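Engineer:
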Amino acid sequence: MANHKSAIKRIRQTARRNEINSRTRASLRTQIKKLSSAIEAADADACKALWPETVSAVDVSAQAGVIHRNTAARMKSRLNARIKKLAAA
Numbered sequence: 000m001a002n003h004k005s006a007i008k009r010i011r012q013t014a015r016r017n018e019i020n021s022r023t024r025a026s027l028r029t030q031i032k033k034l035s036s037a038i039e040a041a042d043a044d045a046c047k048a049l050w051p052e053t054v055s056a057v058d059v060s061a062q063a064g065v066i067h068r069n070t071a072a073r074m075k076s077r078l079n080a081r082i083k084k085l086a087a088a
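The sequence shown begins at 0 in numbering that gives the first Met the number 0 and counts up by one.
(1) To the nearest angstrom, how far is the alpha carbon of ARG9 from that of ALA25?
(2) Alpha carbon to alpha carbon, what distance is there between SER60 and GLU52?
(3) Within its chain, find whatever has a CB closer than 8 angstroms to the CB of ARG73; leave out the 5 residues flanking it on each side and keep chain order.
(4) Determine contact between the region 34-54 and the region 74-88, defined as no fewer than three beta-carbon pairs at a distance below 8 angstroms.
(5) In chain order, what residues of the same chain have a beta carbon less than 8 angstroms from the beta carbon of THR70, not counting five sequence neighbours either side?
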């Protein structure tokens with residue numbers, strides 16, 4: 000158990016940030032799964048509708064520090080490549 004005021008405050012801050020980061024990561028994963036399932040179903044209209052929301056979720060997660068910015072770029076690149084492949088087919 001923490002003995003200093005600053006350590007006690009740090010525990011509170013860490014718990015709060017952990018909860019926020021967990022929620023952000025969960026919503027990001029959900030959004031990516033929605034887009035992936037639309038790609039798997041070959042639903043171009045759904046992909047077009049879900050793409051901006053997914054990019055926004057990835058960017059928000061990267062901005063918040065939940066994921067690294069290079070990871071965010073890689074996610075967006077791979078998802079976009081899958082969408083373009085679907086559109087070409």
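Quick reminder that beta carbons are idealized off the backbone N, C-alpha and C, glycines included. This one's a predicted model, so the numbers in the text were calculated from it and none came from an experiment.
Structural biologist: Let me lay it out:
(1) 24 angstroms
(2) 12 angstroms
(3) none
(4) yes
(5) ALA61
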